[in-house]
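Encoded as structure tokens, the structure appears first; notes follow it.
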Amino acid sequence: MADYTVERRCAEALARAAGKRIPIERREGLSVRDKSENNPVTNVDVSIETFLQDELHSMFPDDRIVGEELEDEPGGDTDRAWYIDPIDGTLNFSRDLPMFCVSIALQVDRQSVVGVIYDPRRDELFSAERGEGAHLDGEPIRVSEESSLGDAVLVTGFPRSLEETEVDNLINFTQLTRASQGVRRLGSAALDLAYVATGRLDGFWEYHLNPWDTAAGYLLVQEAGGVVTDARGESYSAHEASTLATNPHLHEELVERLEDF
Ligand code: IPD
Ligand code: CA
Ligand code: CA
Numbered sequence: 003m004a005d006y007t008v009e010r011r012c013a014e015a016l017a018r019a020a021g022k023r024i025p026i027e028r029r030e031g032l033s034v035r036d037k038s039e040n041n042p043v044t045n046v047d048v049s050i051e052t053f054l055q056d057e058l059h060s061m062f063p064d065d066r067i068v069g070e071e072l073e074d075e076p077g078g079d080t081d082r083a084w085y086i087d088p089i090d091g092t093l094n095f096s097r098d099l100p101m102f103c104v105s106i107a108l109q110v111d112r113q114s115v116v117g118v119i120y121d122p123r124r125d126e127l128f129s130a131e132r133g134e135g136a137h138l139d140g141e142p143i144r145v146s147e148e149s150s151l152g153d154a155v156l157v158t159g160f161p162r163s164l165e166e167t168e169v170d171n172l173i174n175f176t177q178l179t180r181a182s183q184g185v186r187r188l189g190s191a192a193l194d195l196a197y198v199a200t201g202r203l204d205g206f207w208e209y210h211l212n213p214w215d216t217a218a219g220y221l222l223v224q225e226a227g228g229v230v231t232d233a234r235g236e237s238y239s240a241h242e243a244s245t246l247a248t249n250p251h252l253h254e255e256l257v258e259r260l261e262d263f
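Going from the sequence shown to this note's numbering is simple: count from 1 and add 2.
So this is what it looks like as structure tokens:
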């Protein structure tokens, strides 16, 4: 198996550096505007993505770089692409709520090989390399052992405009809230996945995410012993219309319970 230690270490250092800049830049002045309806972005999202894109481009000039806020950096003739979300959880960040993070992943042939998520508020660095396990601040992490849905704590999220999607995830939310110990909605898909990887939460699902939201987190869950598919149980690589990430015990039951839209 190819070795991505250099790329992982670079991603770890960059995620940490970006995360440290976020509160400093916020104190220097926060401005929020709507990219589209219900879709805020701040000056800090843009400047952190600029920093990450510039750094990655100087380290790996042939790689493609795809982020949420800027034009793609096309790179050379390559099957390698970095997916970056400078702030996952922008709505929380814009309101000074604590659930947000930096997410960086490297994909080769559209499969994540490195995934790093940094939470600056808790100074937590989640990191995974394909075949090398998943770690939180250097210590190995595992998904939970919970096998009873009734005792499980789950997490989900909703698309920005509920009207514009064919998926009514509120039905799932209602049914799974009844069937489990509870369903959280934290507002950062990347942190949701990191928390499934650590076993803090037992399962996550969401529809209509983008590759920069999940490319790091899904590798963390897989490398922590979890199962990641789309909501129908089909194979996953961060380019699908839905995401389901759980420990191995709960996966089948959650596939059966999620509405088949
Ligand atoms: C959002 C968050 C949220 C999810 C949204 C995403 P952003 O990303 O991950 O949890 O429900 O669908 O768009 O816009 O804060 O980077
Ligand atoms: Ca995001
Ligand atoms: Ca974002």
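We treat Cβ as the ideally placed atom computed from N, Cα and C, and that holds for glycine.
Being a predicted model, the structure only gives us computed values, none of them experimental.
TODO: May I have a chain-ordered list of the beta strand (DSSP E) segments no shorter than 3 residues that lie completely inside the segment 80–120?
DONE: 82–90, 103–110
Task: DSSP-derived helix/strand/coil call for Pro142 - done: If you number the sequence shown from 1, residue 142 lands on position 140. The answer is strand: DSSP assigns Pro142 an E or B state.
- [ ] Using a threshold of 9 Å, state whether the C-beta atoms of Asp87 and Trp214 are closer than that.
- [x] Along the sequence shown, one-based indexing puts residue 87 at 85. Along the sequence shown, one-based indexing puts residue 214 at 212. For Asp87 and Trp214, yes; Cβs fall inside 9 Å.
Open item on the list: Which of the three DSSP states is assigned to Gly184 in this structure?
Closed with: Working through the sequence shown from its first residue, we reach residue 184 at position 182. Gly184: strand per DSSP, three-state reduction.
Task: Span of the alpha helix (DSSP H), counted from its first residue to its last, around Leu193 - done: Working through the sequence shown from its first residue, we reach residue 193 at position 191. First-last of the alpha helix (DSSP H) with Leu193: 191–200.
Open item on the list: Using the three-state DSSP reduction, which class does Phe62 fall into: helix, strand or coil?
Closed with: As a working mapping, residue 62 is identified with position 60 in the sequence shown. The answer is coil: DSSP assigns Phe62 none of H, G, I, E or B.
- [ ] Take Phe128 and list the residues in its own chain whose beta-carbon comes closer than 6 Å to its own, dropping the five residues that flank it on each side.
- [x] Taking the sequence shown and counting its residues from 1, the one referred to as residue 128 is at position 126. Here the set comprises Ile119, Leu138, Ala196, Leu222.
Open item on the list: Count Cβ pairs between the segment 85–99 and the segment 186–195 that sit closer than 8 Å; are there 3 or more?
Closed with: yes
Task: Which of helix, strand or coil DSSP assigns to Ser259 - done: Along the sequence shown, read from residue 1 onward, the residue named residue 259 stands at position 257. For the record, residue 259 in the displayed sequence is Arg; it is not Ser. If DSSP states are grouped into helix, strand and coil, Arg259 belongs with the helices.
- [ ] Give me the Cα-Cα distance between Ser239 and Phe102, rounded to the nearest whole angstrom.
- [x] Residue mapping note: residue 239 aligns to position 237 of the sequence shown, counting from 1. Residue mapping note: residue 102 aligns to position 100 of the sequence shown, counting from 1. Cα to Cα, Ser239 sits roughly 22 Å from Phe102.
- [ ] Classify Arg124 as helix, strand or coil using the three-state DSSP reduction.
- [x] Locating residue 124 in the sequence shown gives position 122, counting from the first residue. Three-state result, Arg124: coil.
Open item on the list: On the CB-based measure, 16 or more other CB atoms within 10 Å of its CB, does Thr248 come out buried or exposed?
Closed with: Looking up residue 248 in the sequence shown gives position 246. Buried is the call here.
Task: Top-ranked residue by Cα proximity to Val43, from Ile50, Glu51, Thr80, Val34 - done: To locate residue 43, count along the sequence shown from 1; it is residue 41. For the residues Ile50, Glu51, Thr80, Val34, the minimum Cα distance to Val43 belongs to Val34.
Task: Distance CB(Leu178)-CB(Leu211) smaller than 9 Å - done: The residue given as residue 178 occupies position 176 in the sequence shown. The residue given as residue 211 occupies position 209 in the sequence shown. The answer is no: Cβ separation not under 9 Å.
TODO: Could you tell me whether the segment 8–24 touches the segment 138–149, where touching means 3 or more Cβ pairs closer than 8 Å?
DONE: no
TODO: Would you mind working out which of Ser38, Glu27, Leu16, Glu39 sits nearest Asn45, comparing C-alpha positions?
DONE: Reading the sequence shown from its first residue, position 43 is the one you call residue 45. It is Glu27.
Task: Heavy atoms of ligand 2 versus C-beta positions, residues under 5 Å - done: Asp87, Asp90, Asp215
Open item on the list: To the nearest angstrom, how far is the alpha carbon of Gly184 from that of Met3?
Closed with: By 1-based counting over the sequence shown, the position of residue 184 is 182. By 1-based counting over the sequence shown, the position of residue 3 is 1. Approximately 39 Å between the Cα atoms of the pair.
- [ ] Specify, as a first and last residue, the run of the beta strand (DSSP E) that Glu242 falls within.
- [x] On the sequence shown, residue 242 is found 240 positions in, with the first residue counted as 1. Looking at the DSSP string, Glu242 is not in any beta strand (DSSP E), and its letter there is neither H nor E.
TODO: Flag this pair as yes or no: are the beta carbons of Ala13 and Leu108 separated by less than 9 Å?
DONE: By 1-based counting over the sequence shown, the position of residue 13 is 11. By 1-based counting over the sequence shown, the position of residue 108 is 106. Contact flag set, yes.
Task: Glu27 beta carbon near ligand 3 (any heavy atom closer than 8 Å) - done: Within the sequence shown, residue 27 is the residue found at index 25, counting from 1. Checking the Cβ of Glu27 against ligand 3 gives no.
Task: Straight-line gap, Asp170 to Pro161 (C-alpha atoms, nearest Å) - done: Within the sequence shown, the letter at position 168 stands for residue 170. Within the sequence shown, the letter at position 159 stands for residue 161. Rounded to the nearest angstrom, the two C-alpha atoms are 10 Å apart.
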